[in-house]
Ligand SMILES: Nc1ncnc2c1ncn2[C@@H]1O[C@H](COP(=O)(O)OP(=O)(O)OP(=O)(O)O)[C@@H](O)[C@H]1O
Ligand SMILES: Nc1ncnc2c1ncn2[C@@H]1O[C@H](COP(=O)(O)OP(=O)(O)OP(=O)(O)O)[C@@H](O)[C@H]1O
Ligand SMILES: [Mg+2]
Ligand SMILES: [Mg+2]
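Residue numbers (the UniProt record's numbering), protein chains in the order written: chain A, 1 to 270; chain B, 1 to 296.
Put into structure tokens, the structure is as follows:
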């Protein structure tokens, strides 16, 4: 069976005048159609770099990335640009400040010729409502939105394309938990209805626990653990994973117990 | 009794646009005593960042914004200061960690150069070499693995979390008396987040810094703050000491927020309404948390 997305020995090396950074180091992994793969790991471990390579923003230094069994070229065709969408980590810089929210959401519909031309403005309103924003926000500028409102616009824009694979880089980090729950439910529904596939990059392990099928853990550019979610949270293979879960800020006593349980194992194995 | 570091009373904010007036803050009051860590949590779009911008005196200059109410820093009303005096407070006595690090770091200067500018606000004659040494130490404090590389980098060459830590280090560098931290941990992994919060806690304790901590993450708030204000659509709906508020949340909106936190024990995505008439119920103040008298 071919996977939706496959990375084969992918590395990315950045050369800065005096320094060289191995941001992603020999990573191989497969993502299946319809799954939600969470990518977690320390800050600076290469997660956004991985996302940028999957999107073709820059190519890997070494290794290849294939989509439906086909090696993706450095320069992507329109069809691939529609099939793979990205919600960027930084919602402010990813929206054009000169363009109204409505125009930003409409652009992908026009570029890819999605839906009837006459219905596209309605579609824009509908997309906004799906992420919990009033339809009349279409007329506003990015600068007049709060951080979380911009993040939701970025999510709506990625969903507008009806793509196959969506890479979400910290998509809910600026959202309060109620809106986050709404967005996560929307993502789950779309996955069920349209068979969407997600690569979900996040620091929020509580979110990961509740929406991911599998979890990939990165440390300094390397993939150190890749396991089903249940396993990662009950009996992780790698000490770094255990440390991560042990540091999650939690709100209930039950969670504190789970955390302590994992930390105890960590001390035994250390 | 000395005046609180920050006192806000009946703060209103509205924006005028083509579509008429948008009311954003409906008369909020809050205060932070010296050395206290106070959290402001609530809905996305409820008015947390605009409140921070008003404290910095930034929104008052925006033509479309209408601000009224009292904002006093160490007993002095901001409105009574000259623009030059307000400018001197910013980045020095009052510093801010912005929600969006990419928008507040300048893309065309290296981090080292920007850090030098920050240090100059407190110490105008600091030499580049001394500034670099101080900056490198500050970056090491926030667990940036290779501070010298970070100082030689532009913001786009660092990861999201690294930029956020750069911002945190800059905000703490001049030992402000009020630190406003707007979502300071969102791009950090949990181990670095815990470490950064620990560092903030230490510095704040050492210099008696007051902190306004804006966050969506209730787990982090529970671990970091002394007191919590919960805000919903421009109104404070609940206020209490952290332990009391988490043990006994009384406002329907606070209860919904707590119930909506996904658990690492894994019960699925919580099913809770994100809008409800109940969330507009009046303010609940826990015992011993009344707002202080306004003096002077
Ligand atoms: N354009 C670039 N030039 C030079 N170095 C870069 C560039 N982009 C990223 N890096 C470096 O690559 C490493 C990985 O960065 P990346 O943004 O992928 O991390 P991340 O896992 O997304 O971290 P975070 O969780 O903080 O967002 C970092 O050390 C970063 O400084
Ligand atoms: N310049 C502006 N013009 C019009 N409306 C604005 C402007 N700036 C902010 N707003 C509106 O004011 C409200 C409060 O914004 P603010 O940025 O304070 O939200 P927030 O509580 O920080 O939310 P988040 O958690 O999403 O960052 C939002 O509904 C926003 O759309
Ligand atoms: Mg990143
Ligand atoms: Mg905000």
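All residues carry an ideal CB built from backbone N, CA and C; glycine is no exception. Since the model is a prediction, treat every value here as computed from it, not as a measurement.
Query	Result
Residue span of the alpha helix (DSSP H) that contains residue 134 of chain B, given as start and end	128-141
Residue interval of the beta strand (DSSP E) (run including residue 8 of chain A)	5-16
C-alpha distance - residue 250 of chain A paired with residue 209 of chain B, whole-angstrom precision	26 Å
Contact list for the segment 233-261 of chain A against chain B, Cβ threshold 8 Å	233, 243, 244, 245, 247, 248, 249, 250, 251, 252, 254, 255, 258 and 259
Residue 292 of chain B: contacting residues in chain A (beta-carbon distance under 9 Å)	Correct list: empty, because the minimum Cβ distance to chain A is about 28 Å.
Proximal chain E residues relative to residue 191 of chain B, where beta-carbon distance stays under 8 Å	The displayed structure is made up of protein chains A and B, and chain E is not among them.
Neighbour list for residue 188 of chain A in chain B, Cβ cutoff strictly below 7 Å	269
Proximity winner among A:88, A:54, A:86 and A:131, relative to residue 75 of chain A (alpha-carbon distances)	A:54
For residue 96 of chain B: DSSP bridge partner residues	B:180
Selection from B:252, B:141, B:148 and B:157 that minimises the alpha carbon distance to residue 172 of chain B	B:141
Buried/exposed call for residue 9 of chain A, threshold 16 Cβ in 10 Å	exposed
Closer than 8 Å at the beta carbon, the chain B residues around residue 30 of chain A	Residues of chain B passing the Cβ test: none, with the nearest at roughly 24 Å.
When A:117, A:108, A:118 and A:39 are compared against residue 29 of chain A, the one with the closest alpha-carbon	A:39
Endpoints, beta strand (DSSP E) assigned at residue 240 of chain A	Looking at the DSSP string, residue 240 of chain A is not in any beta strand (DSSP E); the run it does join, the alpha helix (DSSP H), is 239-246.
Where residue 270 of chain A sits in the DSSP three-state scheme	Unreliable positioning characterises residue 270 of chain A in this predicted model, as indicated by a pLDDT of 43, which lies under 50. A coordinate reading is not provided.
For residue 197 of chain A, the first and last residue of its enclosing beta strand (DSSP E)	197-201
Other residues of its chain near residue 85 of chain A: CB distance less than 6 Å, five sequence neighbours each side excluded	158, 161, 163 and 166
Beta-carbon gap between residue 181 of chain B and residue 214 of chain B smaller than 9 Å	yes
Residue 229 of chain A and residue 208 of chain A closer than 9 Å at C-beta	yes
Minimum Cβ-Cβ distance from residue 213 of chain A to chain B less than 9 Å	no
Coarse secondary structure for residue 241 of chain B, derived from DSSP in three states	strand
Interface residues of chain A facing residue 261 of chain B [CB-CB closer than 8 Å]	177, 206 and 251
Residues in the segment 62-96 of chain B having any Cβ partner in chain A nearer than 7 Å	none
Every unbroken beta strand (DSSP E) inside the segment 66-122 of chain B [3 residues or more]	94-97
Endpoints, beta strand (DSSP E) assigned at residue 26 of chain B	20-32
Strand pairing of residue 210 of chain B, partner residues [DSSP]	B:178
Residue range of the beta strand (DSSP E) that includes residue 14 of chain B	6-17
Beta-carbon gap between residue 308 of chain A and residue 221 of chain A smaller than 9 Å	In the structure as shown, chain A starts at 1 and stops at 270, and residue 308 of chain A therefore has no counterpart that could be examined.
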